[in-house]
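Going by my numbering, the sequence shown opens with residue 2, and the numbers climb by one from there.
We treat Cβ as the ideally placed atom computed from N, Cα and C, and that holds for glycine.
Structure, as structure tokens:
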Amino acid sequence: MLQISHLYIYPIKSLSGIEVDEALITEKGFEYDRRWMLVDENNRFISQRELAQMTQLQPAITNEGLLVTHKTKLESIFIPFKSSGRSRVMVTIWDDSCMAEFVSDEADEWLTGMLGMNCRLVYMPEESKRLVDQNYARENEVTSFADAYPFLMIGQASLDDLNNRLAEILPLNRFRPNIVFTGGTPYQEDSMAGISIGGILFSGVKLCARCVIITIDQDKGTGGKEPLKTLATYRQKNKKLYFGQNMLCKGEGSIKVGDELKVISTHHDDRFRINPASEIFET
Numbered sequence: 002m003l004q005i006s007h008l009y010i011y012p013i014k015s016l017s018g019i020e021v022d023e024a025l026i027t028e029k030g031f032e033y034d035r036r037w038m039l040v041d042e043n044n045r046f047i048s049q050r051e052l053a054q055m056t057q058l059q060p061a062i063t064n065e066g067l068l069v070t071h072k073t074k075l076e077s078i079f080i081p082f083k084s085s086g087r088s089r090v091m092v093t094i095w096d097d098s099c100m101a102e103f104v105s106d107e108a109d110e111w112l113t114g115m116l117g118m119n120c121r122l123v124y125m126p127e128e129s130k131r132l133v134d135q136n137y138a139r140e141n142e143v144t145s146f147a148d149a150y151p152f153l154m155i156g157q158a159s160l161d162d163l164n165n166r167l168a169e170i171l172p173l174n175r176f177r178p179n180i181v182f183t184g185g186t187p188y189q190e191d192s193m194a195g196i197s198i199g200g201i202l203f204s205g206v207k208l209c210a211r212c213v214i215i216t217i218d219q220d221k222g223t224g225g226k227e228p229l230k231t232l233a234t235y236r237q238k239n240k241k242l243y244f245g246q247n248m249l250c251k252g253e254g255s256i257k258v259g260d261e262l263k264v265i266s267t268h269h270d271d272r273f274r275i276n277p278a279s280e281i282f283e284t
């Protein structure tokens, strides 16, 4: 039996994630997932690719908002869910632009000080709609500030297979998934076209091309060559390295750790279903 073993949300794009036992599904992905984002002076997104120190900021969800704490400095800032009078701005994520709201000068000042780089925090309100890649959309689905799609799924067997090829075992947080399942075979998620979790339907639409972020230790903020070096030996196609499956969802409700994952349909060409013209990056 395939079974959900871990669920993660990442409230602020590219900061540390939060493991949860249950996650509510919204049209943009899990509730709170990547609904906030840091932008530079040009209102373009900032990620660990440019600023590995982002790994050192750990969000927590409270009843009233986010509490973000620096892991070593142990300084925190509270970011309320509700705020009035926010000014709006068009922000850029890769080739997409969408509407967002500036959060507060206080948040900007604190985050700039913690990260050593001028930045501003923005929030995606409900009315902001950012379409997923239309080459893979089913019904004009939308996503949050995630790089491309609302969900990323990885099989534990896939990570185990990769770790068996590495000199040093890597944890799940290197790969920043939303959904992890146990059981099955390595890279079985590659072939999943349709699945059901807790009665909610998901579609596997695009393998996830990985970038330098998976070489960054999410606890220390330090980088290296693995696992990209090893993935290049057996998970490469069209000069990109693939690990994990991008998912869309049709339905509402929540899924929980322990839920059974049922495979409804599979792709015929299940090894590397990739459109060479499409660019998909880290989530």
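Selection from 130, 261, 79, 236 that minimises the alpha carbon distance to residue 159
Residue 236 is the option with its Cα nearest to residue 159.
What are the boundary residues of the alpha helix (DSSP H) that includes residue 97?
Unbroken run through residue 97 is the beta strand (DSSP E), 97-103; no alpha helix (DSSP H).
Residue 67 vs residue 80 beta-carbon contact at 8 Å
With respect to residue 80, residue 67 sits close: the two C-beta atoms are nearer than 8 Å.
Would the beta-carbon of residue 179 fall within 8 Å of that of residue 34?
Yes, they are a contact pair.
Could you pull the DSSP bridge partners for residue 205 from this structure?
Bridge partners of residue 205: 248.
DSSP state of residue 241 mapped onto helix, strand, coil:
In the structure shown, residue 241 sits in a strand (DSSP, three-state: E or B).
Run through DSSP, which three-state label would residue 63 get?
Residue 63 falls in the coil class under three-state DSSP.
State the beta-bridge partners of residue 71 as determined by DSSP.
In the DSSP output, where bridge partners are listed per residue, residue 71 has 58.
Beta-carbon contacts of residue 70 that lie in its chain and below 6 Å, excluding the five residues immediately before and after:
Excluding positions up to five away in sequence, the list reads 59, 77.
Using alpha carbons as the reference points, say which of 56, 92, 100, 127 lies closest to residue 30.
Among 56, 92, 100, 127, the Cα nearest to that of residue 30 is on 127.
Any Cβ of chain C within less than 8 Å of the Cβ of residue 29?
Absence of chain C from the displayed structure is noted, only one protein chain being present.
Take the Cβ of residue 37 as the centre, count every other Cβ of all protein chains shown within 10 Å, and call the residue buried at 16 or more, exposed below.
Within a 10 Å sphere around the beta-carbon of residue 37 sit 16 or more other beta-carbons, which makes this residue buried.
With distances taken between CB atoms, is the gap from residue 258 to residue 62 smaller than 8 Å?
No, the Cβ-Cβ distance between residue 258 and residue 62 is not below 8 Å.
Per DSSP, which residues does residue 287 bridge with? Please list them.
Residue coverage of the chain in this structure runs from 2 to 284, which leaves residue 287 outside it and unanswerable.
C-alpha gap between residue 28 and residue 150, whole angstroms
Their backbone Cα atoms lie some 11 Å apart in a straight line.
Rounded to the nearest angstrom, what separates residue 186 and residue 161 at their Cα positions?
Here the alpha carbons of residue 161 and residue 186 stand approximately 10 Å from one another.
Could you check what DSSP says for residue 114 in three-state terms: helix, strand or coil?
In this structure, residue 114 counts as helix in the three-state DSSP scheme.
How long is the line joining the alpha carbons of residue 167 and residue 95, rounded to whole angstroms?
Computed Cα separation, rounded: 31 Å.
State the Cα-Cα distance for the pair residue 49 and residue 122, rounded to the nearest angstrom.
Just so you know, the alpha carbons of residue 49 and residue 122 end up roughly 15 Å apart.
Mapping DSSP to helix, strand and coil, what is residue 23?
It is a strand residue.
Quick one: Cα of residue 224 to Cα of residue 214, how far?
Taking the straight line joining both Cα atoms gives about 8 Å.
Going by beta carbon distance, what residues of the same chain come within less than 7 Å of residue 265, once the five residues before and after it are set aside?
Around residue 265: 195, 196, 197.
So, for residue 260: in the same chain, excluding its five sequence neighbours on each side, which residues have a beta-carbon less than 8 Å away from its beta-carbon?
Counting only Cβ-Cβ distances below 8 Å, and skipping sequence neighbours, we find 4, 5, 198, 199.
Using only CA atoms, which one of 203, 245, 238 lies nearest to residue 256?
Of the candidates 203, 245, 238, the one whose C-alpha sits nearest the C-alpha of residue 256 is 203.
Endpoints, alpha helix (DSSP H) assigned at residue 229
First-last of the alpha helix (DSSP H) with residue 229: 229-232.
I believe residue 133 touches residue 140 by the beta-carbon criterion, under 8 Å. Please report the beta-carbon distance rounded to the nearest angstrom.
The Cβ separation is near 10 Å, so there is no contact.
Looking at the secondary structure, which residues open and close the beta strand (DSSP E) in which residue 4 lies?
Run containing residue 4: 3-10, per the beta strand (DSSP E) assignment.
My understanding is that residue 57 touches residue 252, with C-beta atoms under 8 Å, so please give their C-beta distance in whole angstroms.
Taking C-beta atoms under 8 Å as the contact rule, residue 57 and residue 252 fail to qualify, at a distance of about 36 Å.
Please report the Cβ distance between residue 92 and residue 84, rounded to the nearest whole angstrom; I am assuming they are in contact, meaning their Cβ atoms lie under 8 Å.
Their Cβ separation, rounded to whole angstroms, is 17 Å, which puts residue 92 and residue 84 out of contact at 8 Å.
Restricting to Cα atoms, I'd like to know which of 13, 17, 7, 39 is closest to residue 24.
That would be 7, whose Cα lies nearest to the Cα of residue 24.
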